[in-house]
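So for the sequence shown, this note's numbering puts the first residue at 10; every next one is plus one. For each residue, glycine too, the CB sits at the ideal point set by N, CA and C. Everything on this sheet refers to the single structure shown next.
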Amino acid sequence: MSETVFLGPDASNPCARARWEWLSPRLPPDLEEEAVRRIAWLALFTIVVGAAGFVVSELFPGVALGPRPIRFAVFLPFVLVSAALFVVARRRLLSPPRIVDLSFAYKVLGAASIAVMTNAQPWPEGPMLPGWPPVAVWVLVFPIIIPAPSVRTLLTSTLAILTDPACLWVLVRSGFMEMPDREAMFRRFFPSVIALALSVFVSRVVFGLGRKLDAARELGSYRLVERLGGGGMGEVWRAKHRMLARPAAVKLIRPEAFQGEAASGGNAKARFEREAQATAALRSPHTIGIFDFGVARDGSFYYVMELLDGMDLDTLVKLDGPQPPARVVHLLQQACHSLHEAHKAFLVHRDIKPANLFLCRYGADLDFLKVLDFGLVAVRKKDAAPSTLTADNAITGTPAFMAPEVVVGDRPIDGRTDIYALGCVAYWLLTGALVFEAETAMKMVLLHATEAPVAPSKRAGRPIPPALDRLVLDCLEKDPAKRPQSARELSERLAALRLDAEWTEQHAAAWWESVAPPSLTGRAAKATLDALG
């Protein structure tokens with residue numbers, strides 16, 4: 010699956026964007042949103058400090074922030090402007106890029122207000138100790154709070170620094186004060202020049218890190234938007250296609266997941282690509298769609314999958330308890346549709362479990378089931394059985410849904426291994442309980458290998474049709490030869506069951522209306538976290 014190549018800038022006005030991109034490149038949207046939040050906090054901090062300083066100046070004239078007329082003419086308006094900026098940033102009255110642009114005008118205005126207040130104070134008559142003028146501190150803080158490209162920082166910081174001597178000149182020309190001597194002015198303003206250089210350097214570093222972070226989150230034609238969670242082997246992110254309005258879920262698999270294969274001389278990248286290509290070729294509507302795959306800059310393998318609206322079957326039972334037999338049959342038939350195609354393509358899932366079977370709204374369909382996490386399937390050659398072990402010689406699967414042949418290793422793994430796991434899922438749906446309960450994973454897999462399961466009808470607490478009860482137990486046979494021999498055979502036997510009640514579209518609509526949480530978008534990606542360990 011090849012990656013899309015984009016030609017030309019992505020903007021509504023490409024010429025204008027290209028012309029000004031060198032001057033004002035943008036932060037990634039999420040970092041821009043973070044900058045807006047910081048702008049709001051900076052404005053709020055200025056309001057609190059300014060209001061406190063104003064009150065103290067009124068109550069204690071000896072420590073006043075400049076003469077009273079200047080406080081009312083300059084400082085009070087700046088506090089009001091800060092309040093307006095806080096409201097705009099907090100309520101998002103403008104777009105994030107416009108708020109960021111506005112913050113740079115606020116930067117210069119704030120520097121001018123600070124310059125007026127500090128220059129209106131009496132200058133020391135004796136030698137001045139070197140230090141940072143308030144305007145210089147303001148200029149230094151800004152690029153840390155609001156990252157910006159170096160050119161923009163240079164321009165706005167220069168304007169902000171120049172307000173200090175400019176305000177001094179205006180105050181001298183207006184007769185408010187006398188011009189200080191050159192040495193005093195040098196001691197006062199030279200640190201501001203250093204602050205200007207430092208602000209540009211800090212801006213370059215902080216803004217550059219933001220851009221590098223954004224570049225690191227570009228995977229092929231997709232951009233990572235929101236981290237949904239992580240597990241032992243990787244992470245799942247919400248992603249967006251750069252050109253199409255199509256949300257997706259990106260599953261990142263850390264390179265360590267393939268370290269065993271690399272140590273044994275295998276090619277992890279080649280194996281990943283082979284499996285991904287085989288999985289992406291699956292066309293069953295009940296198999297999670299894979300849009301893209303590849304290797305990220307840090308060496309992580311990634312899948313781009315469709316993002317679904319619904320819940321996995323583990324959540325379903327925990328939310329709503331054991332399910333009606335008719336609904337269980339309806340869901341199992343859909344899982345069989347996906348597995349039949351996979352088995353025909355010599356793919357064995359090896360980790361069928363409730364967390365990897367996702368119930369969703371899919372277009373106009375309700376109760377539509379998708380089989381997830383085909384990412385690390387076993388790829389069989391025709392007329393050959395896949396190995397029982399992974400590349401690093403470790404048994405794969407989830408203990409509560411693991412077939413005996415996986416545990417013991419005395420028989421080849423094939424599609425009937427998935428049939429056993431699907432029987433465990435049916436047991437969970439009908440009873441709300443696992444086939445075997447044990448204190449440790451090792452004890453649980455040994456029970457799967459040696460003990461006969463109790464019939465679901467004896468644990469369900471509700472009537473289960475005898476034929477369905479028998480079919481579930483057939484799926485749970487220790488000997489693969491005694492199970493349904495294919496997903497299609499299992500589907501046909503499910504279809505042949507005569508149930509007292511059916512699960513109709515009306516039943517599904519009523520359930521989704523009354524029981525399902527109102528918003529489940531994105532849970533498909535989170536459901537794969539169990540598979541990540």
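* Comparing alpha-carbon positions, which option in H250, R161, A287 lies nearest V209? -> R161
* Along the chain, where does the alpha helix (DSSP H) that runs through P143 open and close? -> 143–154
* To do: Can you grab the Cα-Cα spacing for the pair E522 / H516, in whole Å?
  => 10 Å
* Could you give the residue range of the alpha helix (DSSP H) that holds K327? -> 322–329
* For G238 and A6, the rounded distance between their alpha carbons -> Because the chain here runs from 10 to 542, residue 6 falls outside it and cannot be looked at.
* **Check whether L4 and P363 have beta carbons under 7 Å apart** => For the chain, the structure presents residues 10 to 542; residue 4 sits outside this window and is missing.
* Asked: To which residues does DSSP link K260 through a beta bridge?
  -> V245, Y312
* Residues bridged to V304 [DSSP beta-bridge criterion] -> F310
* Asked: Span of the beta strand (DSSP E) holding R370?
  -> 366–371
* Between the stretch 323–331 and the stretch 370–383, do at least 3 Cβ pairs fall closer than 8 Å? -> no
* Which residues in the same chain as Y312 place their Cβ atom closer than 6 Å to its Cβ, once the five residues preceding and following it in sequence are excluded? -> K260, I299, F302, G384
* Take A525 and list the residues in its own chain whose beta-carbon comes closer than 6 Å to its own, dropping the five residues that flank it on each side. => none
* Asked: Using DSSP with H/G/I as helix, E/B as strand and the rest coil, what is T449?
  -> coil
* Asked: For P465 versus R425, is the C-beta spacing smaller than 7 Å?
  -> no
* Could you check the C-alpha separation between T167 and V88 for me, to the nearest Å? => 23 Å
* **Rounded separation between L40 and I108 - CA only** => 13 Å
* Helix, strand or coil at D318 [DSSP, three-state] -> strand
* Give me the Cα-Cα distance between V146 and A204, rounded to the nearest whole angstrom. => 7 Å
* **For L499, the three-state DSSP class (helix, strand or coil)** => helix
* Note down the Cα distance separating A393 from H358, rounded to an integer number of angstroms. => Reliability fails at A393, whose pLDDT of 48 lies under 50, so the model's placement of it is uncertain and no value is given.
* According to the neighbour-count rule (16 or more other Cβ atoms, all chains shown, within 10 Å of its Cβ), is P78 buried or exposed? -> exposed
* To do: Just tell me which of P152, V202, K467, V434 has its CA closest to the CA of D360.
  => V434
* Leaving aside the five residues before and after D419 along the sequence, list all residues of the same chain whose C-beta is less than 7 Å from its C-beta, in chain order. => none
* Would you kindly check if the distance between the Cβ of P421 and the Cβ of K487 is under 7 Å? => no
* **First through last residue of the alpha helix (DSSP H) which encompasses F377** => That residue, F377, is in no alpha helix (DSSP H); its beta strand (DSSP E) goes 374–380.
* Among P106, L456, A175, A93, nearest to M126 - alpha-carbon criterion -> A175
* To do: Using DSSP bridges, identify the partner residues of I236.
  => Residue identity check: residue 236 is Arg in the sequence provided, not Ile. According to DSSP, which records beta bridges pairwise, R236 is partnered with W246.
* Per DSSP, the bridge partner or partners of T296 -> V380
* **Buried/exposed call for R292, threshold 16 Cβ in 10 Å** => exposed
* So with Cβ pairs under 7 Å, would you call W141 a contact of chain D? -> The structure shown contains no chain D; it is built from a single protein chain.
* Rounded to a whole number of angstroms, what is the C-alpha to C-alpha distance between M453 and P333? -> 27 Å
* To do: Starting from T167, follow the alpha helix (DSSP H) in both directions and report where the run begins and ends.
  => 159–182
* Close Cβ partners of L506 (< 8 Å) along its chain, the five nearest in sequence each way excluded -> V338, P474, A476, L477, L480
* Asked: Does the beta-carbon distance from A49 to A98 come in below 7 Å?
  -> yes
* **Helix, strand or coil at D488 [DSSP, three-state]** => coil
* Asked: By a C-beta neighbour count over all protein chains shown, 10 Å radius and 16 as the cutoff for buried, is E350 buried or exposed?
  -> buried
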